[in-house]
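Residue numbers (my numbering): 194 to 367.
Glycine is no exception: its CB is placed at the ideal position from the N, C-alpha and C atoms.
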């Protein structure tokens with residue numbers, strides 16, 4: 194332990210354990226950070242059981258099936274009731290399948306945990322790869338900034354600009 198520092202690593206691990214337990218055990222969410230606090234919340238590990246489309250997956254999170262909507266990105270629609278399949282939607286879904294289907298993923302949460310449909314909102318990592326960013330970088334998704342979940346918005350916007358300028362994916366096809 195470092196002199197003059199209370200709690201050390203054990204204290205930090207205990208706090209993280211409490212946050213993760215509250216998240217996955219269905220307990221109350223930890224209080225939201227104050228305005229201006231760009232800190233990302235906790236993270237969880239889950240198994241992908243189904244890829245819904247280019248920006249939504251179903252996961253098994255500690256025995257519960259949860260829908261997860263990727264934060265900060267929007268792929269063309271393929272399964273929205275009453276809407277036709279959009280340009281580059283099937284390609285975005287196929288790319289998402291290749292990245293995450295049947296994988297164990299790490300879900301990193303931002304300031305707001307769920308959307309109005311009850312889906313978890315997360316930045317998704319598969320084998321260390323930031324999936325949300327890959328979708329944008331390779332032209333399968335546009336950015337979608339919805340406050341307060343904006344901690345990665347600048348990074349995603351830069352990738353979108355680069356993809357658009359290069360004409361990759363939907364930028365060259367649609």
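Sequence-distant residues of the same chain with beta carbon closer than 6 Å to residue 278, five excluded per side: Residue numbering aside, residue 278 sits at position 85 when the chain shown is read from its first letter. The answer, listed in chain order, is 271.
Ordered list of beta strand (DSSP E) runs contained in the segment 233 to 284, each at least 3 residues: The qualifying runs are 236 to 244, 249 to 254, 257 to 263.
Pick from 240, 248, 249 that is closest to residue 256, judged by C-alpha positions: Taking the chain shown and counting its residues from 1, the one referred to as residue 256 is at position 63. Nearest to residue 256 by C-alpha distance, out of 240, 248, 249, is 240.
Under the three-state DSSP convention, the category residue 337 falls into: What you label residue 337 is simply residue 144 of the chain shown in a count that begins at 1. Looking at residue 337 - three-state DSSP - the assignment turns out to be coil, as it is neither helix nor strand.
Buried versus exposed call for residue 274 [16 or more other C-beta atoms within 10 Å across all chains shown]: Numbered from 1 along the chain shown, position 81 holds the residue referred to as residue 274. If you draw a 10 Å sphere on the C-beta of residue 274, you find fewer than 16 other C-beta atoms in it, and that means exposed.
Of the residues 280, 315, 247, the one placed nearest residue 367, counting alpha carbons only: In the chain shown, residue 367 corresponds to position 174, counting from 1. Residue 280 is the option with its Cα nearest to residue 367.
Sub-9 Å separation of residue 290 and residue 252 beta-carbons: Locating residue 290 in the chain shown gives position 97, counting from the first residue. Locating residue 252 in the chain shown gives position 59, counting from the first residue. Taking C-beta atoms as the reference points, residue 290 and residue 252 fail to come closer than 9 Å.
Sheet register partners of residue 298 (DSSP bridge): Sequence index remark: in the chain shown, residue 298 carries index 105 (1-based). 239, 319.
With 16 other Cβ atoms within 10 Å as the buried cut-off, status of residue 235: Here residue 235 is taken as the residue at index 42 of the chain shown, counted from 1. Buried, because 16 or more other Cβ atoms sit within 10 Å of the Cβ of residue 235.
Nearest to residue 307 (by Cα), restricted to the options 259, 238, 354: Counting from 1 along the chain shown, the entry for residue 307 is found at position 114. The residue with the shortest Cα to Cα distance from residue 307 is 259.
Nearest-angstrom beta carbon gap, residue 282 and residue 297 [assumed within contact, 8 Å]: As a first step, residue 297 is located in the chain shown; it is residue number 104 there, counting from the start. As a first step, residue 282 is located in the chain shown; it is residue number 89 there, counting from the start. About 26 Å; that fails the 8 Å criterion.
Beta-carbon gap between residue 329 and residue 356 smaller than 9 Å: Numbered from its first residue, the chain shown carries residue 329 at position 136. Numbered from its first residue, the chain shown carries residue 356 at position 163. Cβ distance < 9 Å, so residue 329 and residue 356 count as in contact.
Residue 315 vs residue 292 beta-carbon contact at 9 Å: Numbered from 1 along the chain shown, position 122 holds the residue referred to as residue 315. Numbered from 1 along the chain shown, position 99 holds the residue referred to as residue 292. Taking 9 Å as the Cβ cut-off, residue 315 and residue 292 do not qualify as a contacting pair.
Coil, strand or helix - residue 359 by DSSP: Within the chain shown, numbered from 1, the residue matching residue 359 stands at position 166. Reduced to three states, the DSSP call for residue 359 is helix.
Distance CB(residue 326)-CB(residue 363) smaller than 9 Å: Counting from one through the chain shown, the residue named residue 326 turns up at place 133. Counting from one through the chain shown, the residue named residue 363 turns up at place 170. No; because the gap between Cβ atoms is not below 9 Å, this pair is not in contact.
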